[in-house]
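Undergrad: Before I ask anything, here is the structure I am working with.
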Amino acid sequence: MWDTIFPYLLSGISVGGQYALIAIGYTMVYGILRLINFAHGDVFMVAGIIMVYIAASGLPVWISVLLVLIITALVGFVIERVAYKPLRTAPRMSVMISAIGVSYTLQNLVLYITGGLNKQYPAIPVISDSVKIGSATTKVVTIVTPVLVILLVVGLVMLINRTKIGMAMRAVSKDFETAQLMGIKINSVISTTFVIGSFLAGVGSVLYFTNYPTVIQTSGAMPGLKAFVAAVFGGIGSIPGAVIGAFIIGIMENLIKGLDVILFKAGAISRPLGLAIFSDAFTFALLIIILVVKPTGLFGEKTTDKV
Amino acid sequence: MKKIAMIVLALILALSCAAMAVAEDLPVVKIGVFEPASGDSGAGGKQETLGVQYANRVAPTVKVGDTEYKVELVMADNGSSADKAPSAAQKLVSENVSIVLGSYGSGVSIAGSEYFKNANIPAIGLTCTNPQVTAGNSHYFRVCFLDPFQGTVLANYAFKELGAKTAYCLGEAGNDYDQGLIKFFQEAFTGLGGMVYTDSFQTNNSDFTSFLSNAQMYGADLIFCPVSIAYSTQIVSQAASQGISIPVLGGDTLDSNVVAAAAKGTSIDLIVTTFYQEGANAEFDNGFKAWLAEDAEALTNNGGNDMIAGVTCMGYDGYMTALAALQAAGSIDSAAVMAALPAVEIDGVSGHIAFDETGDAIRTSAFVKKANNETGDWEFVAEQTVE
Numbered sequence: 001m002w003d004t005i006f007p008y009l010l011s012g013i014s015v016g017g018q019y020a021l022i023a024i025g026y027t028m029v030y031g032i033l034r035l036i037n038f039a040h041g042d043v044f045m046v047a048g049i050i051m052v053y054i055a056a057s058g059l060p061v062w063i064s065v066l067l068v069l070i071i072t073a074l075v076g077f078v079i080e081r082v083a084y085k086p087l088r089t090a091p092r093m094s095v096m097i098s099a100i101g102v103s104y105t106l107q108n109l110v111l112y113i114t115g116g117l118n119k120q121y122p123a124i125p126v127i128s129d130s131v132k133i134g135s136a137t138t139k140v141v142t143i144v145t146p147v148l149v150i151l152l153v154v155g156l157v158m159l160i161n162r163t164k165i166g167m168a169m170r171a172v173s174k175d176f177e178t179a180q181l182m183g184i185k186i187n188s189v190i191s192t193t194f195v196i197g198s199f200l201a202g203v204g205s206v207l208y209f210t211n212y213p214t215v216i217q218t219s220g221a222m223p224g225l226k227a228f229v230a231a232v233f234g235g236i237g238s239i240p241g242a243v244i245g246a247f248i249i250g251i252m253e254n255l256i257k258g259l260d261v262i263l264f265k266a267g268a269i270s271r272p273l274g275l276a277i278f279s280d281a282f283t284f285a286l287l288i289i290i291l292v293v294k295p296t297g298l299f300g301e302k303t304t305d306k307v
Numbered sequence: 308m309k310k311i312a313m314i315v316l317a318l319i320l321a322l323s324c325a326a327m328a329v330a331e332d333l334p335v336v337k338i339g340v341f342e343p344a345s346g347d348s349g350a351g352g353k354q355e356t357l358g359v360q361y362a363n364r365v366a367p368t369v370k371v372g373d374t375e376y377k378v379e380l381v382m383a384d385n386g387s388s389a390d391k392a393p394s395a396a397q398k399l400v401s402e403n404v405s406i407v408l409g410s411y412g413s414g415v416s417i418a419g420s421e422y423f424k425n426a427n428i429p430a431i432g433l434t435c436t437n438p439q440v441t442a443g444n445s446h447y448f449r450v451c452f453l454d455p456f457q458g459t460v461l462a463n464y465a466f467k468e469l470g471a472k473t474a475y476c477l478g479e480a481g482n483d484y485d486q487g488l489i490k491f492f493q494e495a496f497t498g499l500g501g502m503v504y505t506d507s508f509q510t511n512n513s514d515f516t517s518f519l520s521n522a523q524m525y526g527a528d529l530i531f532c533p534v535s536i537a538y539s540t541q542i543v544s545q546a547a548s549q550g551i552s553i554p555v556l557g558g559d560t561l562d563s564n565v566v567a568a569a570a571k572g573t574s575i576d577l578i579v580t581t582f583y584q585e586g587a588n589a590e591f592d593n594g595f596k597a598w599l600a601e602d603a604e605a606l607t608n609n610g611g612n613d614m615i616a617g618v619t620c621m622g623y624d625g626y627m628t629a630l631a632a633l634q635a636a637g638s639i640d641s642a643a644v645m646a647a648l649p650a651v652e653i654d655g656v657s658g659h660i661a662f663d664e665t666g667d668a669i670r671t672s673a674f675v676k677k678a679n680n681e682t683g684d685w686e687f688v689a690e691q692t693v694e
């Protein structure tokens, strides 16, 4: 039984970790700006495309990865400055529509550059190699992902709780205007948030595309959507919530893809029922159920209306 | 200053009008190219379009009746998706094309079909192999073989040549081509005494690891995945990293150098059926390669090297069939072309082309190819015939 479930669990933990890195970006931006940054999944995709082109230029892989992370962080910074900052005093809906605009701009820009064809993601030494664990063979990146995610999250939580900029972030997220009155430079705080979120999306893209090595302009849509569901599931605004939500979604989705086999091997069904097709439906049904039962998510902050 | 600018502008306008007049010496007949240039099947669609473009270079004009016409290709990108196909089809209709070629992918062909039908424009399917494309339609013809035939060829090959007893089939949900071919494969394979397990994945899925685990858990002897190029490259490379040693089989969509390149450096046995094997017609091969050598954009569209895909050959044959139909009709009126099409016969690069009463080309053989794991090239295995 364990041998049957193990490969699916492994796939789930790996993809869950990659969703987690994207979900953190959603949740941090929401925490501070109360904005759902719809362009975040596309930033993730752009990171993948940048890697394809940088690696093709012949630079050593480790320098390419470093460059990709820096450029992705820069992309996040520029998007915030160009598309969101001028709308700081506008109604929140305008910023959200601006985010949708950025999302489509990025997708169509990539469509124009790549000609709409799939790009093969370069193989990164060590983490692209195959390794055998128990009953499953997989890439090294599958094992690296959860470890790296945990390290990054611990680092991020330390940054938020122990440093000056972290304190400023917490203050801004508590009360935007008061923080401003207390002398916090909100623009630099917001920029830092976008830089961190985009950087993590860049890390996520390196791990994700190493596992599933083709990139196209729509590559960011599904992972982005699922990471968003994960952020809502865990309680949007909460970093540990987003990470746990992402792992749960990744694991459940892969278990459902293998549910036929698991039930078949356990003798519960005599022939496959074709349940694998419901894996995405499950993810989004979960979102609806969570919103109905616990609107604030697993670890969501309680909102008290200020009168 | 303003005056000078005005004069210059007027001059440019006059000159460009004159230039156009020279170029349009001959009357023009328009042929619509209904192919995906973006999306999951973009790579395949571009290779098929290359065949049409090459044919257009070889035969840029056609004599219809007593008049010599210049053939103009009108491109419409159907985006590989059934919901974008209608607007691409409408574009061709509004351009008043005499005949339509395409598409790569049966789903988009079916989605565009009714617009051509309503406008009385005939269409020639190049590599859309699903029976539904032509069934019950008097306006849709096709130059390639069909899925019931292809599925049977593959099932026979898998069962008899590879000795497989259990097959795992994987297709995209809602894709007429994938699901149709899997159904025909399944019927033939179980008919021979084999066992088939089937799964479907959602559009835009890129994580196939769990599906590949399913194949292993079922104890399958082979994986049959007649999916778009975008998915098949993912499946091949993920199967390789998961240490899967059973063969991967595919239909004509997998016959692309992009997919063969994904199998390069792995130990995956990748086997496909296709329309044409490079080397069968030296004149076509050499001419096409010479064109790729001088046109960098064409080379990029062919996937960066000059291997010839089966779909390119079908694009060429389709164009030549369209010209033969225009000549037979003796008119560029689309209704006349449609009336003339059933009787058209040509000797194409891929073999003799004649239509049966449904409008399908009569074909009895398919080529089986295998990817070379060292070079990333396709190698000829067998010509498979089914009575």
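Just so you know, the protein sequences line up as chains W and S, in that order. Mapping of the first sequence onto our numbering: residues 1 to 307, in sequence order. Mapping of the second sequence onto our numbering: residues 308 to 694, in sequence order. Every residue, glycine too, gets a C-beta built ideally from N, C-alpha and C.
If you draw a straight line from the alpha carbon of THR671/S to that of GLY487/S, how long is it in whole angstroms?
TA: 19 Å
Undergrad: Using 8 Å as the threshold, is the C-beta distance between VAL644/S and ALA650/S below it?
TA: no
Undergrad: Measure the beta-carbon distance from ALA465/S to LEU556/S and round it to whole angstroms, keeping in mind my assumption that it falls under 8 Å.
TA: 6 Å
Undergrad: Looking at the C-beta of ASP514/S, does it have a partner C-beta in chain W at a distance below 8 Å?
TA: yes
Undergrad: May I ask you to list, following chain order, the residues of the region 265 to 280 of chain W that have a beta carbon less than 8 Å from some beta carbon of chain S?
TA: LYS265, PRO272, GLY274, ALA276, ILE277, SER279 and ASP280
Undergrad: Any beta carbon from chain W within less than 8 Å of ALA344/S's own beta carbon?
TA: yes
Undergrad: Could you check if ILE49/W is buried or exposed, using at least 16 other CB atoms within 10 Å of its CB as the buried criterion?
TA: buried
Undergrad: If you run the structure through DSSP and keep just helix, strand and coil, what is GLU664/S?
TA: coil
Undergrad: From the beta carbon of GLY245/W, is the nearest beta carbon of chain S less than 8 Å away?
TA: Closer than 8 Å: no.
Undergrad: Enumerate in chain order the residues of its own chain whose CB-to-CB distance from PRO7/W is below 7 Å, with the five nearest sequence positions on each side excluded.
TA: Spatial neighbours of PRO7/W in its own chain (CB-CB distance under 7 Å, excluding positions within 5 residues in sequence) are listed in chain order as SER135 and ALA136.
Undergrad: Quick check on the burial criterion: 16 or more other C-beta atoms within 10 angstroms. Buried or exposed for LEU66/W?
TA: exposed
Undergrad: Our contact map puts LEU433/S next to GLY625/S with C-beta atoms below 8 Å; I'd like the distance itself, whole angstroms only.
TA: 4 Å
Undergrad: Give me the chain W residues within the contact set of SER517/S, using Cβ-Cβ distance strictly less than 7 Å, ordered along the chain.
TA: TYR8, SER11, ASN254, LYS257 and GLY258
Undergrad: Going by DSSP, name the residue or residues bridged to HIS446/S.
TA: Answer by DSSP bridge pairing: none, since HIS446/S is not bridged.
Undergrad: Just to confirm the assignment, what range does the beta strand (DSSP E) spanning TYR504/S have?
TA: 502 to 508
Undergrad: When the Cα atoms are used, what is the spatial distance from ASP483/S to LEU469/S?
TA: 27 Å
Undergrad: Buried or exposed: where does GLY267/W fall if 16 or more other Cβ atoms within 10 Å of its Cβ makes it buried?
TA: exposed
Undergrad: Can you give the beta carbon distance from GLY458/S to CYS620/S, rounded, assuming they're within the 8 Å contact cut?
TA: At roughly 21 Å, the Cβ-Cβ gap does not stay under 8 Å, so GLY458/S and CYS620/S are not in contact.
Undergrad: Am I right that SER537/S and ILE530/S are in contact with their C-beta atoms under 8 Å? What's the rounded C-beta distance?
TA: The question names Ser, but residue 537/S in the sequence shown is Ala. That pair is no contact at about 17 Å.
Undergrad: Is any beta-carbon of chain W found at less than 8 Å from that of ALA678/S?
TA: no
Undergrad: Can a CB atom of chain W be found closer than 8 Å to the CB of GLY412/S?
TA: no
Undergrad: Do the region 36 to 44 of chain W and the region 103 to 120 of chain W meet, that is, are 3 or more Cβ pairs less than 8 Å apart?
TA: yes
Undergrad: When the cut-off is 8 Å and only beta carbons count, does ILE124/W lie next to chain C?
TA: Of the protein chains in the structure, W and S, none is chain C.
Undergrad: Check this for me: beta carbons of VAL440/S and ILE639/S, under 8 Å apart or not?
TA: no
Undergrad: Examine chain W for any beta-carbon lying closer than 8 Å to the beta-carbon of LYS497/S, and answer yes or no.
TA: It should be pointed out that residue 497/S corresponds to Thr in this sequence rather than to Lys. Taking Cβ atoms only, chain W never reaches closer than 8 Å to THR497/S, which makes this a no.
Undergrad: Let me see if you follow: with CB-CB separation under 8 Å, is LYS139/W close to chain S or not?
TA: yes
Undergrad: Going by other Cβ atoms of all chains shown within 10 Å of its Cβ, with 16 needed for buried, is TRP62/W buried or exposed?
TA: exposed
Undergrad: Are the region 575 to 590 of chain S and the region 673 to 693 of chain S touching, with three or more C-beta to C-beta distances below 8 Å?
TA: yes
Undergrad: Counting along the chain, where does the alpha helix (DSSP H) carrying ALA605/S start and finish?
TA: Under the DSSP assignment, ALA605/S falls in the alpha helix (DSSP H) whose first and last residues are 603 to 608.
Undergrad: From which residue to which residue does the alpha helix (DSSP H) around TYR626/S run?
TA: 617 to 636
Undergrad: Does any C-beta atom of chain W lie closer than 8 Å to the C-beta of TYR361/S?
TA: With a threshold of 8 Å between beta carbons, TYR361/S makes no contact with chain W.
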